[in-house]
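Asks: Below is a structure I'd like to ask you about.
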Amino acid sequence: MKQEPEHLVFSGEMPPQFDEAMAELGPLLGFVPASEGIPVEVFRAKGVVLEKQGPHLRLGWHKPVQLYRALSLLRGAWDQDEFRREEQPCFETGMMFDVSRNACLRIETLRSFLRRMALMGLDVGMLYTEDTYEVPGEPYIGYMRGRYSRVELRELDDYAALFGIELIPCIQTLGHLNRVLHWPAMAHYADNEEVLLTDSEETYALLRRMLKAASAPYRSRRIHIGMDEADGLGLGAHLAAHGYEDPHAIIRRHLLRVKEITDELGLKPMIWSDMYFRLSSPTNGYYDGDPQPETTGVVPGVQLVYWDYYHHQESEYAAMLEKHQRLTEDPLFAGGIWTWAGPAPDYEKTLATTLPALTACKKAGVPFVLATAWGDDGAETNLLTALPGMQLYAEFAYTGTYDAAWLAQRFASCCGADIAPFLGLSRFNRVPGMNSALRMPVNAAKFLLYQDPLVQLFAKDTEGLPMARHYDKLAVEYEAYAAEGGPYVKVMEFYAQLARVLAGKCRWHENIKEAVAQEDRERAKDLAEGLLESLEQVEALRLSWRELWQSTNKAYGFEIIDGRMGALRARLETAHSRVLAWVRGEADETLPELKEPGLPYIQREGGLAGSYLWSEIVSACR
């Protein structure tokens, strides 16, 4: 039964636009500002303060968003007669949403995220827009990608400001621009297929237009200008025009030119730090690099953002932070909510990497920590599943520690749901008995979904594991979650259907090779006919996926998922036809694919590593 809202009478020192903010947040909390009701005194403090003594309520805040966190804390402790809680955040905490890897979140979805962020107390948001923002005079930037208009971004910035949340633009000004540079009309800006051509006046004129357009909708003067993973810098068109040059010199010169533009626009830039480290690494890696201040040439006035989603030891993060602190004052940190492993997130990996990272940041005095939720290779995981990760970062920021029960309580208060089904999504990737590699964890949900029914590249890696039984159990469990309804019912319906498809595919993989090897044609016939049900289940999954996508994302990008699911259906149909032909004894159907001996594919680091690209999963051919 739905509870009647509590009527609260606020007095004291409220932040700007408090009434407008409460109109948005009150319904989520069950609180209604009123002229008659329970009195609540609001006052300025050094952080979050929450006091209750009988009928007397007091809420303290330093930043506006902290008042809304205090109200969510109040909702969670509403039934207690007396309590007092004070919180002082150990660092500024933000959330970055990837809206560049096929999925552009709808504005209403982003508004919903901002409301949850306010209740959590997260005070910074970023949209990672490689090219998905409007640049006047540049029709190919974001073309057919769902790019955001200036009006949309301005409205979103206004909405964030209601709660005291700072939105910071995040773009790319060197690498990660394949979707721009692949257009023939933009090719003259390219050093290679991913990287802009530096030392070109045309490039800097373009970057001026991009930076002006990207920053214009926002109040914030901070801007993230990317510059990570610029592989092959100076080795394409730049090499042909100028000859070989040390990449250190190229990137420093480029950054100086870009900073000139940000200075003109009154912007304070930050960049990902990895290129400084890669250029000093013997392996072109990030975490084994050791750049020296005297040779690296860090540009003053540009903040470095150290990103790391992989390590499990606090000492590993502490060592990298120390290297960053030698290069620059106050480096920032970005950790990861593992949403990029395929259609299911990995919260085991998220927890294993986040807790030591944030502990190291706290001890090192890092001023700003950013949570990222990437959508590599198609944005297959819906970003609603990132909500528990956002809550994790918020609670650590305000408490300096991790408590599972507290996290669950806070998630219920801020997101209105049980956290268990979200955290349990890790089991889609991790099957009992499956030893996952540390740095790149196994992502069974992805490679099992797309693994070909005949060309079974992962059969050896999963041999002997109870795959079908595992997904059968998950299907029942997530069907029950979906039946409970609630704000995330579409998420739970999707995962219930994904489990059904994975169970059916695994059952096929576990049995068909054996049936063919044993020349058991009757069994093979039954298995082939069973693929007709799998076809129906795959179509049901596609439709569920589409419904979830369209409810949270703009329409663009789902054509990639449609293509992948259509390819899967086609291969299931081919498998059905070929196996039945073999059953009938037709001479041209010998099924050599199912007679090939299995070879290990993803075994490394003492376990199974993830296979993260669809193109690597579907075939041994290209």
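Residue numbers for the sequence shown follow this note's numbering, beginning at -14 and rising by one. No residue lacks a Cβ here, since even glycine has one placed at the ideal position from N, Cα and C. This structure is a prediction, so every number in the text was calculated from the model and none was measured.
1. Mapping the DSSP letters down to three states, classify E26 as helix, strand or coil.
2. What is the DSSP secondary structure of S(-4), counted as helix, strand or coil?
3. Please report the distance separating the alpha-carbon of V287 from that of I322.
4. Excluding sequence positions up to five away, which residues of its chain have a Cβ less than 6 Å from the Cβ of F413?
5. Sorted by chain position, which residues of the same chain lie with C-beta nearer than 6 Å to G583's C-beta, five sequence neighbours on each side aside?
6. Output the distance between the C-alpha atoms of G592 and A572, rounded to the nearest integer angstrom.
7. Using DSSP's beta-bridge definition, name the partner residues of G363.
8. Between which two residues does the alpha helix (DSSP H) harbouring E49 extend?
9. Please determine, among C89, Q277 and A402, the residue with the shortest C-alpha to C-alpha distance to T537.
10. Could you give the first and the last residue of the continuous alpha helix (DSSP H) run that contains L433?
11. Just reading off the beta strand (DSSP E) that K490 is part of, what are its end residues?
12. Where does I153 fall in DSSP's three states?
13. Could you tell me whether the Cβ atoms of P0 and P40 are closer together than 7 Å?
14. Examine the Cβ distances between the stretch 246 to 263 and the stretch 211 to 227 and report whether three or more of them are shorter than 8 Å.
15. Is P426 near the ligand ADP, with its Cβ less than 6 Å from a heavy atom?
16. Would you call K580 buried or exposed, if buried means 16 or more other Cβ atoms sit within 10 Å of its Cβ?
17. Distance, Cα to Cα, S300 vs A349?
18. Please identify the residue among D362, R69, L138 and E67 whose C-alpha is closest to the C-alpha of R91.
19. If I'm right that N428 touches G595 with Cβ under 8 Å, what's the distance once you round it to whole angstroms?
20. Give every residue of the same chain whose Cβ lies closer than 6 Å to the Cβ of D176, excluding the five residues on either side of it in the sequence, and list them in chain order.
21. Return helix, strand or coil for Q73, following the three-state DSSP convention.
22. Check whether the stretch 223 to 233 touches the stretch 160 to 172, taking contact to mean three or more Cβ pairs, one atom from each stretch, closer than 8 Å.
23. With 7 Å set as the bound, which would you pick, yes or no: does the beta-carbon of E507 sit closer than that to a beta-carbon of chain C?
24. Of the residues V476, P426 and D511, which one's Cα is nearest the Cα of I587?
25. Along the chain, which unbroken stretches of the alpha helix (DSSP H) at least 4 residues long are found entirely within the stretch 189 to 230?
26. What does a CB cutoff of less than 6 Å around L598 pick up in its chain, not counting 5 residues either side in sequence?
27. In angstroms, rounded to a whole number, what distance separates the CA positions of R29 and E179?
28. Going by DSSP in three states, A587 sits in which element: helix, strand or coil?
29. By how many angstroms is the C-alpha of T281 removed from the C-alpha of R531?
30. Reducing DSSP to helix, strand and coil, say where T313 ends up.
31. Would you mind stating whether R86 and G360 have Cβ atoms separated by less than 7 Å?
32. Report yes if the C-beta distance between S604 and V440 is below 7 Å; otherwise report no.
33. One question on the structure: do H561 and L516 come within less than 7 Å of each other, judged by their Cβ atoms?
34. Tell me, to the nearest whole angstrom, how far the beta carbon of F479 is from that of S529; I am working on the premise that it is less than 8 Å.
35. Buried or exposed: T78, going by 16 or more other Cβ atoms within 10 Å of its Cβ?
36. When burial is assigned at 16 or more other CB atoms within 10 Å of the CB, is R54 buried or exposed?
Replies: Judging by the given coordinates:
1. strand
2. strand
3. 25 Å
4. Apart from sequence neighbours up to five positions away, the residues of its chain that approach F413 with a beta-carbon distance below 6 Å are A329 and A430, ordered along the chain.
5. Sequence-distant partners of G583 (beyond 5 residues in either direction) whose C-beta falls short of 6 Å from its own C-beta, in its chain, are A444 and K445.
6. 41 Å
7. DSSP, once it has assigned bridges, lists no residue as partnering G363.
8. The question names Glu, yet the displayed sequence has Pro at residue 49. Element bounds for P49: P49 to G61.
9. C89
10. A429 to Y435
11. It is not in any beta strand (DSSP E) - K490 instead sits in the alpha helix (DSSP H) that spans V474 to A502.
12. strand
13. no
14. yes
15. The ligand ADP is not part of this structure, which contains no ligands at all.
16. By the neighbour-count rule (16 or more Cβ atoms within 10 Å), K580 is not buried but exposed.
17. 11 Å
18. Answer by Cα proximity: L138.
19. 4 Å
20. L182, G221, A222 and H223
21. coil
22. no
23. Note that chain C does not occur in the displayed structure, where there is just one protein chain.
24. When V476, P426 and D511 are compared, the shortest CA-CA separation from I587 is found for P426.
25. The stretch 189 to 230 contains these whole alpha helix (DSSP H) runs: 222 to 227.
26. D362
27. 49 Å
28. It should be pointed out that residue 587 corresponds to Ile in this sequence rather than to Ala. Note: I587 maps to coil in three-state DSSP.
29. The alpha-carbon separation between R531 and T281 amounts to approximately 47 Å.
30. coil
31. At the C-beta level, R86 and G360 come within 7 Å of one another.
32. yes
33. yes
34. 5 Å
35. buried
36. buried
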